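Structure first, commentary second.
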Amino acid sequence: MKKRFVGTAGEGRVRAKTGTLRGVTSLAGVVDTPAGRRLAFALVSNGELPYEIRDLHEDLGLSLLPYPAGPGVDLLSPLPVVDPPVPQTSGG
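By the count of the working numbering, the sequence shown reaches residue 130 at its end, each step adding exactly one.
Right under this line is the structure:
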């Protein structure tokens, strides 16, 4: 695991342990965020080979780093209501 996050934002911040069984791959550990929070996580994937799911597990672990920051208010607000289009009738 020491080499998995080298050169990424997770270097020195993500500490985890991998695990595999037939058809099951897991990654569990902690993330120390730049904001000083420690988050625990566990990811388990069924039906995938370890090398096929490894990048996804790493991306999910790295996605915790910005916590507690979240998306901007503009991304959380409801979408505007749009009236459905009026069907065109043929004059005939």
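Idealized CB from N, CA, C, for every residue including glycine. Predicted, not measured: the structure shown is a model, and the values here were computed from it.
Taking all protein chains shown into account, do 16 or more other C-beta atoms lie within 10 angstroms of the C-beta of residue i, making it buried, or fewer, making it exposed?
i           : result
residue 103 : buried
residue 65  : buried
residue 124 : exposed
residue 44  : exposed
residue 54  : buried
Can you give the Cα-Cα distance for residue i and residue j, rounded to whole angstroms?
i           : j           : result
residue 83  : residue 63  : 5 Å
residue 122 : residue 116 : 17 Å
residue 76  : residue 70  : 5 Å
residue 91  : residue 120 : 40 Å
residue 58  : residue 79  : 16 Å
Name the one or two DSSP bridge partners that residue i has.
i          : result
residue 83 : 63
residue 78 : 68
For residue i, report the span of its alpha helix (DSSP H) as first-last.
i          : result
residue 90 : 88-100
Entirely within the stretch 51-76 and at least 3 residues each: give me those beta strand (DSSP E) ranges in chain order. Qualifying beta strand (DSSP E) stretches, in chain order: 52-59 and 62-70.
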